[in-house]
Amino acid sequence: MSIEYELVFHKVKQISSHFLNQMKCLLSTLMAV
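Numbered per the numbering used here, the sequence shown spans residues 4 to 36.
Right, here's the structure in full:
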């Protein structure tokens, strides 16, 4: 596996986990209302 691919993969993982966290916050906010 090349280093460039590793970096891209890490970045994508970071972004997707951040996105999932945002969705969880949004869902819990909607549920609370």
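Beta carbons: idealized from backbone N, C-alpha and C, even for Gly.
- Annotated three-state conformation of VAL11 is helix, per DSSP.
- DSSP, reduced to helix, strand and coil, places SER31 within a helical segment of the structure shown.
- Pairing SER20 with SER5, the inter-Cα distance amounts to about 23 angstroms.
- HIS13 and ALA35 have their C-alpha atoms spaced approximately 33 angstroms apart.
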